[in-house]
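Trainee: Everything in the sequence shown is counted per this note's numbering, starting at 4 for the first residue and increasing by one.
Positions of the beta carbon are idealized from the N, C-alpha and C atoms, including for glycine.
Mind looking over this structure? Questions follow.
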Amino acid sequence: MTEYRLLIDGKLVHGDMTMAVVNPATEQVLAQAPRASREQLDTAVAAAKAAFPAWAARPINDRRALILRIADQLEARAEEFARLLTQEQGKPLPEAQAEIAYTCAFIRHLAGYDLPVKVIEDNDNRLVRQFRKPLGVVGAIIPWNFPVLIVAFKLPLALLAGNTMVVKPAPTTPLTTLKLGEIIAEILPPGVVNIVTDQNDLGPALTAHPDVAKISFTGSTATGQKIMASAASTIKRLTLELGGNDAAIVLPGADPAKVAPGLFAGAFMNAGQVCLAIKRAYVHGSIYDEVCARLAELAEAAVVGDGLQQGTTIGPLQNRMQFDKVKALLDSARADGRIIAGGTLPDGPGYFIRPTIVADVADGHRIVDEEQFGPILPVIRFDDVEAAVASANGLDLGLGGSVWGEDRDLARSVAERIDSGTVWINKHLDFGPNIPFGGAKQSGLGVEFAEEGLAEFTQVRIVNEAR
């Protein structure tokens, strides 16, 4: 069995404890992973703090070159990482391969930015310049749905800005991040990046640690609230990318044949375990039945199975806790609405649920109001566009959303009124490292990606000089 180790102060070390990592397609133990103690976390933070002055003092082009080497080495081992990702996370191998490719692309793009000095005033009286300086130690907390890609949302910008890091992957998907640590150990100076794993017990210690300057977290809104409270005592900087219950609005006049495949892909990628996935679809009554029928056809045609099996299009839920949660929501959907496709669990081991389309549900039903984060799509009928907009905006979450229709002016008008960080028109889940990404309301705090994301890892310093 492959050995996995923590990365602390440039060394690959055993954890003080171990924990089992389960393949969600088989429910069998895939590997034993190291589990860090509180003392090891403190050592990792101390190493990052000690490495910070020298790393921050390096020219940005030197930091950039080292970050780019990480992408090169990951790309050289892409198939190894993709197969391991499928085994620990569950997604079909083509999706895992795409995640590794996107990870390399994100690292390369985000490492390309600069931090130029901005001259605010330059006149006979004064010279005012704005610098952007690194914060110090950044704690990065990674979720289990995209355990490699989401590292790339945070690491290149944090390091490029001159920060050092302690990365904590999710306990059910630590393996690919630990393997990435092997690459990092060969490239970066000791202490610049440290990787520790836990059983969800070290998060509070990391978020409250007095030597951690910033937390960058991707995960649930409930956990984000705990992080904000934990970080308050030291006034940490925070970037929080939290839950979404993203709505799609299908306008009158939309072509069901065009819309249904986009809705299905936007809802069921990674078995629906995507923060930005479509979680509820509002469809105009004039095309409701046809859109539902086409979604049902796509759901029935999906191939559910082990992600390593050729032809699989939808893998398992990632872990037992999420599987049980989605099963409970499925029971609720069955009681409140009409299941027109799916709704069953395949025989045999694995956390599998067939892609499920639920018709005849409404706002107020649990399957509509709660983020399912699984392969269930409720489809809600509407007859008034204004009512659909109000429904889309009616929850405390606002991460993403989409509007679908042939009337471009109407679609744009509706999109501009959706209270979400990102709204697409006639597509969904189209994002890139050059496009700022963040949530509205309780879906997040701060921005990731692009120059705006880089700024989140810096502190403004004004130098105001008399002439």
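Any idea which residues DSSP pairs Arg420 with across the strands?
Mentor: Within the sequence shown, the letter at position 417 stands for residue 420. Looking at the DSSP assignment, Arg420 forms no beta bridge with any residue, so it has no partner.
Trainee: Suppose contacts are defined by Cβ-Cβ distances below 8 Å. Is Gln90 in contact with Asn26 by that definition?
Mentor: Along the sequence shown, one-based indexing puts residue 90 at 87. Along the sequence shown, one-based indexing puts residue 26 at 23. Yes, the Cβ-Cβ distance between Gln90 and Asn26 is below 8 Å.
Trainee: Quick check on the DSSP output: the beta strand (DSSP E) that includes Gly404 runs from which residue to which?
Mentor: As a first step, residue 404 is located in the sequence shown; it is residue number 401 there, counting from the start. Taken as a continuous stretch (DSSP letters only), the beta strand (DSSP E) holding Gly404 covers Gly403 to Trp407.
Trainee: Between the Cα of Phe452 and the Cα atoms of Ser335, Gly353, Thr425 and Arg61, which residue gives the shortest distance?
Mentor: Sequence index remark: in the sequence shown, residue 452 carries index 449 (1-based). For Phe452, the nearest C-alpha among the options comes from Thr425.
Trainee: Let me make sure I understand the geometry here. Which of Ala57, Asn64, Ala268 and Lys121 has the alpha-carbon closest to that of Ile465?
Mentor: As a position in the sequence shown, residue 465 is number 462, starting the count at 1. Closest by alpha carbon: Lys121.
Trainee: How close, in whole Å, do the beta carbons of Val48 and His212 come, if the pair is a contact with beta carbons under 8 Å?
Mentor: Within the sequence shown, residue 48 is the residue found at index 45, counting from 1. Within the sequence shown, residue 212 is the residue found at index 209, counting from 1. Their Cβ separation, rounded to whole angstroms, is 6 Å, which keeps Val48 and His212 in contact under 8 Å.
Trainee: On the three-state DSSP scale, how would you describe Ala23?
Mentor: Position 20 of the sequence shown holds residue 23. Reduced to three states, the DSSP call for Ala23 is strand.
Trainee: Excluding sequence positions up to five away, which residues of its chain have a Cβ less than 8 Å from the Cβ of Pro192?
Mentor: Taking the sequence shown and counting its residues from 1, one reaches residue 192 at position 189. If we look at Pro192 and ignore the five residues flanking it on each side, its Cβ neighbours are Gly13, Ala54, Ala57 and Trp58.
Trainee: Cβ of Pro146 within 8 Å of Cβ of Thr221?
Mentor: Residue mapping note: residue 146 aligns to position 143 of the sequence shown, counting from 1. Residue mapping note: residue 221 aligns to position 218 of the sequence shown, counting from 1. Yes, these two residues count as a Cβ contact at 8 Å.
Trainee: Express the C-alpha separation of Asn467 and Asp127 in angstroms, rounding to a whole number.
Mentor: Against the sequence shown, residue 127 aligns to sequence position 124. Against the sequence shown, residue 467 aligns to sequence position 464. The alpha-carbon atoms of Asp127 and Asn467 are separated by roughly 13 Å.
Trainee: Kindly indicate which three-state DSSP category Lys444 falls into: helix, strand or coil?
Mentor: For the purposes of this step, residue 444 is identified with residue 441 of the sequence shown, where counting begins at 1. Correct three-state label for Lys444: strand.
Trainee: With DSSP as the reference, please indicate the residues paired to Gly142 in a beta bridge.
Mentor: Start at 1 with the first residue of the sequence shown, and residue 142 comes out as number 139. Answer is Val169 and Ile218.
Trainee: With DSSP collapsed to three states, give me the class of Lys328.
Mentor: Counted from its first residue, the sequence shown places residue 328 at position 325. DSSP places Lys328 in helix when its eight states are reduced to three.
Trainee: State the start and end residues of the unbroken alpha helix (DSSP H) segment that holds Thr180.
Mentor: As a working mapping, residue 180 is identified with position 177 in the sequence shown. Leu178 to Ile190 is the span of the alpha helix (DSSP H), which, as asked, contains Thr180.
Trainee: Report the residue from Gly206, Ala274 and Ala81 whose alpha carbon sits nearest the alpha carbon of Leu183.
Mentor: Here residue 183 refers to the residue found at position 180 when the sequence shown is read from its first residue. It is Ala81 whose Cα lies nearest to the Cα of Leu183.
Trainee: Use the C-beta contact count for Thr167: other C-beta atoms within 10 angstroms, 16 or more gives buried, fewer gives exposed.
Mentor: For the purposes of this step, residue 167 is taken as the residue at position 164 of the sequence shown. So Thr167 ends up on the buried side.
Trainee: Between Ala143 and Ser219, how many whole angstroms is the CB-CB distance? I'm expecting something under 8 Å.
Mentor: Walking along the sequence shown from the start, residue 143 turns up at place 140. Walking along the sequence shown from the start, residue 219 turns up at place 216. Right, the Cβ-Cβ distance comes to about 5 Å (below 8 Å), so this counts as a contact.
Trainee: Give me the Cα-Cα distance between Arg341 and Asn437, rounded to the nearest whole angstrom.
Mentor: What you label residue 341 is simply residue 338 of the sequence shown in a count that begins at 1. What you label residue 437 is simply residue 434 of the sequence shown in a count that begins at 1. Straight-line Cα distance between these residues: approximately 41 Å.
Trainee: If Ile63 sits next to Asp117, beta carbons under 8 Å apart, how far is it from one beta carbon to the other, in whole angstroms?
Mentor: Mapped onto the sequence shown, residue 63 falls at position 60. Mapped onto the sequence shown, residue 117 falls at position 114. Between Asp117 and Ile63 the Cβ distance is about 7 Å, and since that is below 8 Å, they are a contact.
Trainee: In terms of residue numbering, what span does the alpha helix (DSSP H) encompassing Arg297 cover?
Mentor: Start at 1 with the first residue of the sequence shown, and residue 297 comes out as number 294. It spans Tyr291 to Ala304 - the alpha helix (DSSP H) in which Arg297 sits, taken as one unbroken run.
Trainee: What residues in its chain sit with their C-beta under 6 Å from that of Phe473, if we drop five residues either side in the sequence?
Mentor: It is not possible to answer for residue 473, since the shown part of the chain is limited to 4 through 470.
Trainee: Would you kindly work out how many angstroms separate the C-alpha atoms of Leu178 and Ala268, rounded to a whole number?
Mentor: Here residue 178 corresponds to residue number 175 of the sequence shown, with the count starting at 1. Here residue 268 corresponds to residue number 265 of the sequence shown, with the count starting at 1. Between Leu178 and Ala268, the C-alpha separation is close to 27 Å.
Trainee: Which one of Arg470, Gly247 and Glu293 has the shortest CA to CA distance from Asp372?
Mentor: Locating residue 372 in the sequence shown gives position 369, counting from the first residue. For the residues Arg470, Gly247 and Glu293, the minimum Cα distance to Asp372 belongs to Gly247.
Trainee: Return the chain-ordered list of same chain residues with a C-beta closer than 6 Å to the C-beta of Val196, the five sequence neighbours on each side being excluded.
Mentor: As a working note, residue 196 is residue 193 in the sequence shown. Within the same chain, Val196 has close Cβ partners Met168 and Ile187.
Trainee: What is the C-beta distance between Ser289 and Pro255, in whole angstroms, given that I count them as a contact (C-beta under 8 Å)?
Mentor: By one-based count along the sequence shown, residue 289 stands at place 286. By one-based count along the sequence shown, residue 255 stands at place 252. About 5 Å separates the two Cβ atoms, so the contact holds.
Trainee: In this structure, what does DSSP give as the bridge partners for Leu9?
Mentor: Residue mapping note: residue 9 aligns to position 6 of the sequence shown, counting from 1. Val16.
Trainee: For Lys121, which residues does DSSP report across the bridge?
Mentor: Numbered from its first residue, the sequence shown carries residue 121 at position 118. DSSP output for Lys121 lists Gln133 as bridge partner(s).
Trainee: Check for me: the alpha helix (DSSP H) holding Asn64 runs from which residue to which?
Mentor: Position 61 of the sequence shown holds residue 64. Ile63 to Ala79 is the span of the alpha helix (DSSP H), which, as asked, contains Asn64.
Trainee: What are the boundary residues of the alpha helix (DSSP H) that includes His112?
Mentor: Here residue 112 is taken as the residue at index 109 of the sequence shown, counted from 1. Leu96 to Leu113 is the extent of the alpha helix (DSSP H) around His112.
Trainee: Which same chain residues, not among the five before or five after Tyr399, have their C-beta less than 7 Å away from its C-beta?
Mentor: The residue you call residue 399 lines up with position 396 of the sequence shown. Correcting the residue type first, residue 399 is Asp in the shown sequence and not Tyr. The answer, listed in chain order, is Lys444 and Gln445.
Trainee: At which residue ranges does the segment 211-277 contain complete alpha helix (DSSP H) runs of 4 or more residues, listed in the order of the chain?
Mentor: 224-234 and 259-271
Trainee: Under 8 Å, do Thr21 and Pro352 count as touching if we go by C-beta distance?
Mentor: In the sequence shown, the residue the question calls residue 21 occupies position 18. In the sequence shown, the residue the question calls residue 352 occupies position 349. Their beta carbons are not under 8 Å apart, which means Thr21 does not touch Pro352 by this criterion.
Trainee: Quick one: residues in its chain with C-beta nearer than 6 Å to the C-beta of Ala414, no 5 flanking neighbours on either side, listed in chain order?
Mentor: For the purposes of this step, residue 414 is identified with residue 411 of the sequence shown, where counting begins at 1. Excluding residues within five positions, the ones whose Cβ falls inside 6 Å are Val406, Gly408 and Ile428.
Trainee: On the CB-based measure, 16 or more other CB atoms within 10 Å of its CB, does Met272 come out buried or exposed?
Mentor: Numbered from its first residue, the sequence shown carries residue 272 at position 269. It is buried - the Cβ of Met272 has at least 16 other Cβ atoms within 10 Å.
Trainee: Nearest by alpha-carbon distance to Val151: which of Ala114, Lys136, Gly194 and Cys107 is it?
Mentor: Numbered from its first residue, the sequence shown carries residue 151 at position 148. Answer by Cα proximity: Cys107.
Trainee: Could you tell me whether the Cβ atoms of Asp65 and Gln43 are closer together than 8 Å?
Mentor: As a working note, residue 65 is residue 62 in the sequence shown. As a working note, residue 43 is residue 40 in the sequence shown. Contact flag unset, no.
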